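Below is one structure, written out as structure tokens, with a few remarks after it.
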Amino acid sequence: MEEKRINEIYRKADTLLRENRMKQAIELISEEIDSLNNWELCTRFSEVQTAYRYMLEYMGKGMPDPDRKRLYGELVGKTFLLNDEIAASRLSEHSMSVYCQMRRKFKEEKRIERYHELLKEHAVKMALMCMLPGENNETAIKELTERHHRDSNEMFMYMWSRGSLSSNEGKSITDFLNDLEVDNSDKAMAISAITMSLMKIFDPVKAIALCSAVGNDEIVIAQRALVGLAITTYANSHRIEYYPELKEAIKGLNEIAGFSHRLYITQIQLLRCRETQKIDRKMREEIIPAMLKNPNLRNPKLGIEVEKEIEKEDKNPEWEAWFAEDSIKNKLDEMAQWQQEGADVYMSTFSQLKHYPFFNEMPNWFRPFDMNDPAVTKIIPKSSSSKELILKTLFESKYFCNSDKYSFCFTFGQVPEEQRSMLMQQLGEQHGDGTAIPDTAMPAIPRKVEEELQSNQYIQDLYRFFKLSTFSKDFIDPFSLSLNLLESEIPGNLLRTPEAMSNIFHYLIQKEYYTEAFAIGRELEKREAATTADARFYQEMGYCKQQTGEHEKALEYYLKADIIKPNTLWTIRHIAQCHRMGRNTKAALPYYMQAEELAPENRSILLQTGECLVALKRYDEAFARFFKVEYLDAQSKRAWRAIAWCSFMVEKYEQARNYYKKLLDTPERNMQDWLNAGHVEFVAGNNGEAIEHYKKAATLCKDSNEFSEHLFGDKKVLLSKGISMNDLILIRDIVE
């Protein structure tokens, strides 16, 4: 119960600070101070409380203070950080979570320099030992490797559980990450620990350390830092303005050569994680079903459902040129040769393979794959050729993230010897000799491609941690957030170049995130003069609005596209569709007819035009379209349904009967076909046949009420053809 109360106070204080209600936030946090056994935090909070009280007093007395705005921001930033730290400190007194256990274990000890020296010593010793031959030396190497692994894990847990850092400690982290004698895997682990720590306590000093690491020459360090910085600053974007030094450090990232490209690629990779999450289901589960329920937007009598017809309308084929011509997409295509598109391809496969003891230690979820990791060397066959083959194959794999490589190793260790040998042989054949890896070196991967690979693999490692690890309950899952960096000022401003915004705009449309895409499009529209926007841009903007059901707004953009590039079939057709969906059939018809002129043998357009003509009771013109479709496709069931219903409406009952008979003799017949055929016989006075048809229709309904709804749904048409209401009621009762 105490944990729940602490978390509630923390969330309330955070909300108050977001709403600029500083006084109430301070009063709320002060409730926790009395029971807090931390002199340093109490002192810092007291200083903020006193400074803010004086600020209010001076303001009330009208005393001039040119630094008031700066000081207020500084106090808000400090209070945000104190709220994080006080909650973490209070929880450490009550919670049994791993995070709180680590905080109790280390008790805010300052160990960064100690770990720096310790891990540096490991790297130096390992380098020396590897130069010396002998079995005894191999034993020493194994012992050192195991000790190194333990120390590296302890360093991770320390950095993860550490509270806010002093500027000197921040410098110590930077020195550690820049030390060429420290192993890169240890630096990578430190980056991950800092990232995880920022998700618990957003400390600007730690974030500045990540900013510094983004410029590191080592790709694995730089890309992990960039991913961590992108995720943590996005999640805490509302706080960055209160930390001027961090804000400047983030702005300064643009000075790093190639940074804008790296950030853009990282953004696309973060957005691509949504394919695993299936966030886009919201569109299909909420908006489209709501449209399909609208009875005014379908005419089942003609076999045409407007929404389904429009839903089949794909994105403009001309837009695909962007994917073929855009250099950024070409690079993404190149990357896709090595790695899956999104996390879902292997996520399902490896999600069941995270139960090994290795994953019972939190740091191991972030560990770069190491062929000499103690956990790996224990289970891989001792045969030098087989060991070399399987490990080198995994190490060089561009398809698996680090976490999955470890899972593969552990699973491989449980494979029976016979199957293991077969797998080894297959891997050997792939490498050219059936036994061992060729001596020839792999061709060098371009740095930009390697950057993309490293960040994508790391994002997948993070994704698996937050979705599969038991440790993830200590965190808010960042992958439950949008991770659309453009939604925030910082770091979003670093992406606000016309090229990056345009590419992200196109990407979001291709992945069907229409609301987000439109927001970016609006920003582009405001930035650029209207005369510089091309027809495709307005087509895409209209398409976004059409897909979210805002047809009037979609029309505005489609009409702009039509002005810039007139007589484009795709645009004309979508203008017609928007008029139809807006229930303005009269306005839609001229555009459908224009579309007909541009594509005279397009069966879908002919059917849609005919359906409009039926709605306007221009049956003869509708017949011409439907018969043309039948001529173009003699087996078109949709054409038969349209002709049959149209014939019924103009009292060509024999023709209607013939077409419904053709339909009822096919496997594709449905409830509406039986119902409509019954109408024909009923109006023609063939009550017996009508009842038989209606009974067949009723069997395809879930219950009698549904059949009754369909029957009486056609009441107006049947009454206009001489059927009395009393007869209709009697027929219903006979069928039921």
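The opening residue of the sequence shown carries number 4 in the numbering used here; numbering runs sequentially from there. For glycine and all other residues, C-beta sits at the position ideal for the given N, C-alpha and C. Keep in mind that this is a model prediction, so the values were computed, not measured.
Reference residue i; option with closest CA among the options
i	options	result
N367	M158, V738, M350	M158
R456	S410, I271, R583	According to the sequence provided, residue 456 is Leu. The question's Arg does not apply to it. It is I271 whose Cα lies nearest to the Cα of L456.
A16	E5, R8, I29, K7	I29
V185	L229, P247, Y118	Y118
N319	K620, A627, T571, M596	T571
E399	E453, K563, E490	E453
K128	R450, F468, H151	H151
G80	N661, L180, R21, D730	R21
H125	S100, S155, Q104, H97	S155
L667	A536, A680, T177, Y75	A680
L31	A627, N41, Y75, F83	F83
E35	R93, V101, M202	R93
S200	R628, K174, T235, S188	T235
I567	R539, E172, C615	R539
R735	K698, L44, I575	K698
A701	E555, Q675, L721	Q675
I176	V230, E116, G166	E116
Any non-hydrogen atom of the ligand MG closer than 7 Å to residue i Cβ
i	result
V51	The ligand MG is not part of this structure, which contains no ligands at all.
Distance, residue j Cα to residue i Cα
i	j	result
A212	L232	10 Å
R530	I523	11 Å
L471	K357	8 Å
Q433	T396	Annotation note: pLDDT 46 at Q433 (below 50); position unreliable, coordinate value reported separately. Rounded to whole angstroms, Q433 to T396 spans 10 Å at the Cα level.
L610	F685	27 Å
Q746	A579	Since the displayed the chain opens at 4 and closes at 739, residue 746 lies outside it and no answer follows.
K631	E526	46 Å
I493	E251	11 Å
L39	N23	25 Å
L59	M25	11 Å
E146	M132	11 Å
F353	F469	14 Å
V223	L511	28 Å
G261	P449	13 Å
M62	L122	53 Å
L106	I259	It should be pointed out that residue 106 corresponds to Arg in this sequence rather than to Leu. Using only the alpha carbons, I get a separation of about 35 Å.
C704	K664	20 Å
K381	N257	45 Å
Y409	F361	9 Å
D537	A564	7 Å
D464	R227	11 Å
D706	I694	17 Å
A225	F508	26 Å
G65	L78	20 Å
Y656	E528	55 Å
L619	M596	14 Å
I3	S483	Lying outside 4 to 739, the shown extent of the chain, residue 3 is not represented and no answer is given.
E614	Y594	13 Å
Supposed close pair residue i, residue j - CB separation, criterion 8 Å
i	j	result
A659	S650	4 Å
K640	E671	5 Å
L3	L498	Residue 3 falls outside the range modelled here, since the chain spans only 4 to 739, and no answer is possible.
S170	V208	6 Å
Y634	A647	Actually they are not in contact, since the Cβ atoms of Y634 and A647 sit about 16 Å apart, beyond 8 Å.
I9	A90	6 Å
S195	F369	4 Å
Y560	M544	4 Å
Where residue i sits in the DSSP three-state scheme
i	result
I282	Reliability fails at I282, whose pLDDT of 35 lies under 50, so the model's placement of it is uncertain and the value that follows must be treated cautiously. Here I282 sits in coil by DSSP.
I383	coil
I493	coil
I204	coil
L39	coil
Y1	Nothing can be reported for residue 1: it is not among the residues displayed for the chain, which extend from 4 to 739.
S98	coil
N10	helix
A233	helix
S92	helix
S170	helix
M743	Any property of residue 743 remains undetermined from this structure, which presents the chain solely from 4 to 739.
I29	helix
Y663	helix
K718	helix
Chain C within 8 Å of residue i, Cβ atoms only
i	result
D37	Included in the structure is just one protein chain, with no chain C present.
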